[in-house]
Amino acid sequence: MNPKLLPVFLLFLCQLQLLAEGTPNQSLILWSTVSPSGTYAVARAKEESIGKDDDHAAATGTATTELSIVNIQTQQPVLGFSGFKATDFAPLGLVDGSVAHSFCSWAPQEDHLLVVSVLDPLTCLQVDLPDGRVSNVGSTLVAAATRIAKGRTTRKTDRLSQPANFSIIDAHFISSDEVYVTVSIDSGSASEARVDLYFQVNAHGNSLAFERSEPYPNPNQPIGASILAGREVEHLYQTLRGILNQEDRQILTMEQQSWLGGRELLTNYEDRVAIAQTRIAELRERLQEEMQKK
C-alpha cells in the first residue's frame, strides 16, 4: 500500500467501525420519574440485550435493569444505576389504575431524588446528582418499619402475628436536605392491621428519624378521602408530566402548584375531596388524549 494512502485507509476503517457500532440505543423515558421542571427523568434503553442465562430471570421479572438519569432534551445520561427489576417500571395502561409500580420524588432544586419501588421498599434508592452518589435507603426504612411493626404486634397479642407487608406509598422532599417517606405496614390480622409510618430521611447522611404512625386513611371519612384523593392527583400529575413536551411540562407544573395552593385554602375536607375528584377526572381525560397522540 502506498504510505501516503495509509492515513486515508485508517480513517475509512474508523468510520466503518463507528457505523458497525451504531448509535447508542435511544432512551425510553419512564413514567412517574420526570423532574418538576421537565429537565431530567429516569430512563432505560429502548432495546436491551438479554443473555441466555438471563432468560428465566427476565421471564419471571427478577432480572435487574440498567437505568440512567438522563437530560430529556439531549437524551444524554447524567448518572447510571441498577437494582430495579424490569417490571418495576412497566408502562401504565390507559390510566385504569391509580397506583404506579415505581416513581421518583425530586427535591425542589432537582439535585436529589428518591427512586421508589412501591411494592419492594428494600430497593429504594437515594440519588445525589451533584456528587454522583447512589445509596440504598430502603434497607434502613424496612428495618425501622419492621421494629415498629413487631412492637405493635407484641403489645397487642403478646406474640408476633404473621410478617407484615410493607409498601412505600408516598415520598416528597420539603427541602434539598429532607424528604418525608410514608411506609404502609399491613399485618393482615385485624381492623387496625394497616398503619402508615412517617419517616424523615436526611438526603445527605442517609439517616432517618421516625416521626409518627397513623391509621391508614379511611376513605369513608372526609379527612381520609381527602388524603387518598390528594395522592391520586399527585400521581396523575407525575404520570402526565412524563409524556408532555418541555413547554407543556412547565405549564403543567405551574398549574399543579396553583391547584395545591387553592386546595390548602379550603378548610372543609369534603370540599377538598370534591375539587380533587374533579381534578382527577380532568387529568385522566387529558392523559388519555395525550396517550392517543403517541
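Heads up: the sequence shown begins at 66 in the working numbering, then just goes up one per residue.
Virtual Cβ for every residue (Gly too), placed ideally from N, Cα, C.
Taking every protein chain shown into account, the CB of residue 353 has fewer than 16 other CB atoms within 10 angstroms, so this residue is exposed. Inclusion of residue 345 and residue 290 in the CB contact set at 9 Å is not warranted, their separation being larger than that value. The three-state reading of DSSP puts residue 137 in coil, since its state is none of H, G, I, E or B.
Around residue 284, the same chain offers 290, 293 as residues with beta carbons nearer than 6 Å, after the five sequence neighbours per side are excluded. Closest in alpha carbon position to residue 239, among 178, 313, 342, is 178.
A Cβ-Cβ distance of about 7 Å is found for the pair residue 268 and residue 241, placing them in contact under the 8 Å criterion. For residue 345, the enclosing alpha helix (DSSP H) covers residues 334 to 358.
Contact check for residue 209 against residue 264 passes: the beta carbons are separated by less than 9 Å. Across the structure, residue 134 and residue 232 are spaced so that their CA atoms are roughly 24 Å apart. Less than 9 Å divides the Cβ of residue 105 from the Cβ of residue 171. Considering only 230, 196, 173, 96, the residue with the shortest C-alpha distance to residue 187 is 230. Residue 147 holds the alpha-carbon nearest to the alpha-carbon of residue 182 among 243, 147, 196.
Going by C-alpha positions, residue 93 is about 5 Å away from residue 109. For residue 280, no alpha helix (DSSP H) run applies; the uninterrupted beta strand (DSSP E) run containing it begins and ends at 273 to 280, by DSSP.
DSSP places residue 300 in the helix class (H, G or I) of the three-state scheme.
The C-beta distance from residue 96 to residue 318 rounds to 16 Å, too long to meet the 8 Å contact threshold. In the structure shown, residue 318 adopts helical secondary structure according to DSSP, grouped into three states. Beta-bridge partners assigned by DSSP to residue 237: 245.
DSSP places residue 232 within a strand segment (E or B) once states are collapsed to three. In the three-state reduction of the DSSP assignment, residue 307 falls in the coil class.
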